[in-house]
Every structure is written in C-alpha cells, then in structure tokens.
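For the sequence shown, the residue numbers in my numbering are 5 to 532. Beta carbons are placed, not taken as given, at the ideal position from N, Cα and C, and that holds for glycine.
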Amino acid sequence: MAPRVLIAEPLSPAALDVFAGRGVVADYAPELGRDRVALAERVGAYEGLVVRSGAKVTAKLLERAGRLKVIGRAGTSVDNIDLGAATARGVIVMNTPFGNSITTAEHAVALMFALARRIPAADASTRSGKFEKTRFLGVEITGKTLGLIGCGAVGSIVADRAVGLRMRVIAYDPFLSPERAFDLGVEKVDLDELLARADFISLHTPVTPHTKNILSGEKLARTKPGVMIVNSCRAALIDEEALLALLDSGHVAGAAIDLAEKEQPAEAALRRHPSVVVTPHLGASTKEAQENVALQIAEQMSDYLTRDAISNAVNFPSITAEEAGKLKPFIALADRLGSFVGQLIDSNIDKVSITYEGEVADLKIKALSASMIAALLRPLLANVNVVSAPLVARELGVVIDEVTRAAQSDFDSVVSLCVEAGGASRCVSGAAFNDGRPRIVSVNGIKVDAAIGPSMIYVTNEDRPGFIGRFASLLGDAGVNIATFALGRDREGGSSIALVEIDGETPESVLAAVRELPGVREAKALRF
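Spelled out as structure tokens, the structure:
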C-alpha cells in the first residue's frame, strides 16, 4: 500500500506533483493546521505530516498519530513541533534549512538598507502629503562594519552580499572555522569585540539555551554608540525592554525586527518606536522560497517513505538512498547484536563501547549505533526506538564510545558491542554475510560462527567431553528441534559456548534442565 501524507498547511501545488510522482498519496487540507481538533481526528491515518509554522504538533496530537513516521516542516524552525515527543515515538522530524536561506538573507540586507536610509518612515511621511527631505538624513553602509552573530547558512549569504557592498564584515560564531571565515572574507571575532566594533549588527542564529537573550541589556549597553540592529530570527535573542531604553536614549540608532505573529513585543512601544522597522515575519516570504521549501520537503519525505533515505532530519543522522541500501544488512546486524546483549544483562548499563572494523567503518555509523542501542535497551524499556535510543541512553547516564578502524580479521566488516553493567562485561561481534543474514562471529572473545535465528538457546559452560551429546539429547528428548548448532571455546578444557537455533519457543523446563548439566554456567533463551 502506498504511504500517505497529510499536508495540513498551505503549500505550493508543486509539492503534490512530487509526492504523486514518487508513489506517495498526498491529501491537501491546508485549513487543518489551525484546527487542532480536526487535525487530531485525521492524523492517525497517515505516515507523513507536512506543516509550516502555524500547526502545533504537540505530544497529545502525536498520541493520535499511531502510523506516523515522519513530520516535514516546510521551513527552518521546528519550535512548533514537540521534538522530544516525536523522538520518543520514533518519528523523524525534517526541516528545509536551505530552501529559504537566500530569501531570508536578502530580507536581512533589505532591513539594513531600510534602517540606514530610514525608508519606511520617509515613505509614510511622503504618502501623507509631506516632503521632509531634510528630516530623513541617512547613513551610507559602504565602509561600515557589519557584525554577524551567527555565520551559518543564512549568515554566510549576508556576509557575501555585505562584502559585495564594500562593508567590513566581522562574525561571532563558535562553529565558524578560520578557513571558512577566510573564504567568506570575514574576520572571526569574539562577541565582546563584535559589540564594540560593529556599526550594524545582524542576528542569524537559532534560539538555544546558549543564544537566548544573547543581546541582553548588559550586552546591548556595550555596543558602539549609534549602532543599528537587525533581527530577522527570533525575538528571544534580544532583551526588548533594554533595547527600547537604548533606542529612547539614542545609543541604539535604529532596530529592524522581522517578527512572527506570536512574537509581538511585550512592549508595544517598541514596535511603534519611530526608530524601529517591523515586518510580519517576511524572511521566507518570496515566491521562490515558497516553491523551494515545498519541493524540498516533498522530495525528502518521499525519499524516506519509499527508500528509507533521511535528509535534513533534526533528530536523526542523514542517510542517502544509496547509503540506506548499503546500511540495510548492517542495521539488521546491529539490531541483533544489541538484542543479544540486552537479553543477557539484568542490571543498569554503565558503558557501551561499539567498534566498527573494515568497510562498515566508512558508512553512517551513527544510524547503526542508534539501531544497536535501541535493541540493547528494549528489554529494559519497551517503548525505546531507533530515533529515541541515543537520547534515552544519555538520560540514563550511559556512556557510549564509538571506534572505527581498519579491518583486523578475516572479514571485510565486523561490528563489535561491549557492554559494562553491574560490574561485568558482555562482548559480542558480528558480520553480515552475502546471504544477508547477520551472524555472530565471537562472544566474549570466543570465536564462533552462528547464524541468528528467531529463537535461540545460549549456553556457557566448562569445556568437558560429552557435553554436546548430553545437551543435544536433552533437547531431543524434550521435543525441541535443532535448526543450527554453533560451538566455540577459548582453549581445551577452558570456557566454551553453544548457540543453538531451534524451532519454536524454548520451554522453561528445558532451560532448567540445561542449567543442571555438569559444567553449565549460564543458559538463556533468546528471541530475535
């Protein structure tokens, strides 16, 4: 059956063509985004949901969306989506971070020109019948210093345009490398230096615990007298009350704010201030941007629903369709290895060490690790999934180490998992063979070659003559049919293991009898 997507807010018709062309049924209901009750009633029938900024995707809504696999945000910000709830339910959340980058950057530059030349006020005055040429004395931007707070997808475009306008550009961005700054023609500085030097400040950073109120009252007071501030991001980046006071005093010569409807300044005086330019969240409002984000989100969601490709997800690593094909056997292997160890431990996990050896080390190992951790935790936490597993592990205080290295065995690729729990360590390694079935190649350092079937018995014992015969006879006498039988030992007379694939369930009475066999240390039934 073809996957179904619900488009709950206005979107370019071009997106419908993309969905249809890729085998996805898309229902267009743009009025649902602002009707929570109606949206909740319909969302349960869909694998995908498309929203913009109006619809609220809450935890309660997600409880009604039992089939939902992916939420597509046609735009950048996902603050209208309960990301934690989506992640916990295994729902991929995608956005379109680049579809409106140029449009948003151009709007920031337009706001800067509007401030510098006082265009909105001059327009209003002239429309009223006045001709106040001398009243609206502006400033040139040529030769001025533009300070960028954030120099990512949008900020870097603003930098490029500003350099073309013969401005000096300085940027504060912890993630901006010196090489990238050089390529952009930007000087990387710390925030204090930016505040002291910039004639114009333009903000291009998301709201995070580190950036919220980044232009606090204290920071604003340290800006250069006569500075002009452009905020085409979120209101929460600036202390509005402090900004208003500095506008009144003249220390800040002007401010331009592109605000969302829900971000109307608490201080109404701010948006009415003669030195303030406000626009109604126009950063992404161009025909080109609307078309771009619609096409992009439709392509991304279709690729995920039909080919398992993940791009621009905010809660899971990106995977191309080609990578998804290569990852598929290793995801199955990672799942089995995690499940294997998860069924053997019965105490809190302290540390997880994952090693990728050989060709697999060149793949998207974050996706493999997520699958492995989910399977590891599932015996303890029934609702954990591939998307939520890394977050759940962090919340539990589990330390996760990942190591990649060149092949050091007879296999092209080997994945190993070691788990420390309750003062003991459990290690298992596996490989994905050509038949597509994952196989275990070692357990706690003991080599073995075991296909992983739906139902298995795992036994550790002392290496003694006659054990295999007694074990097999016990299973036969109990009517348990053996499908495959794999053995391994570390040395003659040392420790040995048996991994037996059987048909059907393992009766508890059989396990109890196995545990009574001479030399048996552990016997457990495993389900995969």
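Taking the C-alpha atoms as reference points, what is the distance between Arg-46 and Thr-359?
Taking the straight line from one Cα to the other gives about 44 angstroms.
With distance defined between alpha-carbon atoms, name the residue in Cys-155, Ala-202, Asp-196, Arg-201 nearest to Ser-181.
Comparing Cα-Cα distances from Ser-181 to each of Cys-155, Ala-202, Asp-196, Arg-201, the minimum goes to Cys-155.
Is the beta carbon of Glu-303 closer than 8 angstroms to that of Val-484?
Going by C-beta atoms, Val-484 is not nearer than 8 angstroms to Glu-303.
Could you check which residue in Gly-473, Arg-165, Arg-519, Phe-344 has the C-alpha nearest to that of Arg-443?
Among Gly-473, Arg-165, Arg-519, Phe-344, the Cα nearest to that of Arg-443 belongs to Phe-344.
So which of Phe-140, Ala-120, Phe-117 has the shortest CA-CA distance to Ala-128?
Comparing Cα positions, the closest option is Phe-140.
Mapping the DSSP letters down to three states, classify Phe-140 as helix, strand or coil.
Coil, per DSSP.
How would you call His-214, buried or exposed, if buried means at least 16 neighbouring beta carbons within 10 angstroms?
Answer is exposed; the Cβ neighbour count stays below 16.
Excluding five sequence neighbours on each side, which residues of the same chain lie with their C-beta closer than 6 angstroms to the C-beta of Ala-270?
Bear in mind that a pLDDT of 49 at Ala-270, under 50, signals an unreliable position, so the model cannot answer this.
Under a Cβ-count criterion, where at least 16 other Cβ atoms within 10 Å of its own Cβ denotes burial, should Arg-93 be classed as buried or exposed?
Arg-93 should be labelled buried.
Three or more beta-carbon pairs under 8 angstroms between the stretch 273-290 and the stretch 17-33, yes or no?
Taking 8 angstroms as the limit for Cβ pairs, the verdict is that the stretch 17-33 does not touch the stretch 273-290.
Starting from Phe-437 and walking both ways along the alpha helix (DSSP H), at which residues does that stretch end?
Phe-437 -> no alpha helix (DSSP H), and no H or E assigned at all.
In three-state DSSP terms, what is Leu-331?
Helix, per DSSP.
When DSSP labels each residue in this structure, what does Pro-34 get in the three-state scheme?
Pro-34: helix per DSSP, three-state reduction.
What does DSSP give as the partner residues of Ile-174 in its beta bridges?
Paired residues: Gly-151, Glu-191.
Relative to the C-alpha of Asp-414, which candidate in Met-116, Phe-437, Gly-480 has its C-alpha closest?
Residue Phe-437 is the option with its Cα nearest to Asp-414.
Can at least three beta-carbon pairs, one atom from the stretch 415-422 and one from the stretch 359-368, be found at a separation below 8 angstroms?
A contact exists between the stretch 415-422 and the stretch 359-368.
For Gly-258, name the three-state secondary structure that DSSP assigns.
Looking at Gly-258 - three-state DSSP - the assignment turns out to be strand.
If you reduce the DSSP assignment to three classes, tell me which class Lys-355 lands in.
Three-state result, Lys-355: strand.
Who are the Cβ neighbours of Leu-207 in its own chain at under 6 angstroms, not counting the five residues just before and after it?
So the list reads Ile-153, Asn-235, Cys-237, Leu-241, once near-sequence residues are dropped.
In whole angstroms, give me the CA-to-CA distance for Lys-330 and Pro-321.
Rounded to whole angstroms, Lys-330 to Pro-321 spans 15 angstroms at the Cα level.
Taking 8 angstroms as the cut-off, does the stretch 173-187 touch the stretch 113-133 (at least 3 CB pairs, one atom from each stretch)?
Counting Cβ pairs under 8 angstroms, fewer than three are found: no touch.
Do three or more CB pairs link the stretch 61-68 to the stretch 339-356 at distances below 8 angstroms?
With a cut-off of 8 angstroms, the stretch 339-356 and the stretch 61-68 do not count as touching, because too few Cβ pairs lie within range.
Determine the extent of the beta strand (DSSP E) in which Asn-235 is found, giving its start and end residues.
Here the beta strand (DSSP E) through Asn-235 covers 231-235.
I believe Arg-172 touches Thr-149 by the beta-carbon criterion, under 8 angstroms. Please report the beta-carbon distance rounded to the nearest angstrom.
Contact holds; Cβ gap of about 5 angstroms.
Under three-state DSSP, which class holds Ile-106?
Correct three-state label for Ile-106: helix.
When you compare only the Cα positions, how much space is there between Phe-204 and Val-231?
When rounded, the distance between both Cα atoms is 6 angstroms.
Report the residue from Phe-471, Glu-292, Tyr-308, Val-297 whose alpha carbon sits nearest the alpha carbon of Glu-326.
Checking every option, the nearest Cα to that of Glu-326 belongs to Tyr-308.
Just the C-alpha distance for Leu-36 and Lys-223, rounded to the nearest angstrom, thanks.
Rounded to whole angstroms, Leu-36 to Lys-223 spans 42 angstroms at the Cα level.
Is the separation between the beta-carbon of Ile-369 and that of Thr-324 shorter than 8 angstroms?
No, Cβ-Cβ distance for Ile-369 and Thr-324 is not below 8 angstroms.
Helix, strand or coil for Ala-270 per DSSP?
Low confidence applies to Ala-270: its pLDDT is 49, below 50, so where it sits in the model is not reliable, and the reading given next is rough at best. In this structure, Ala-270 counts as coil in the three-state DSSP scheme.
Of all the options Glu-51, Val-318, Asn-319, Ile-377, which has the alpha carbon lying nearest to the alpha carbon of Gly-346?
Answer by Cα proximity: Ile-377.
Which one of Val-162, Lys-192, Lys-137 has the shortest CA to CA distance from Ala-114?
Comparing Cα positions, the closest option is Val-162.
Looking only at its chain, what residues have a beta carbon closer than 8 angstroms to the beta carbon of Ile-335, apart from the 5 residues adjacent to it on each side?
Excluding residues within five positions, the ones whose Cβ falls inside 8 angstroms are Ala-371, Leu-372, Ser-375.
Looking at Asn-296: is its Cβ nearer than 8 angstroms to the Cβ of Asn-104?
Contact: yes.
Only counting the same chain, and skipping five residues up and downstream in sequence, which positions put a Cβ closer than 6 angstroms to that of Gly-159?
Leu-152, His-208.
If you draw a straight line from the C-alpha of Ile-486 to the C-alpha of Arg-382, how long is it?
Whole-angstrom Cα-Cα distance: 27 angstroms.
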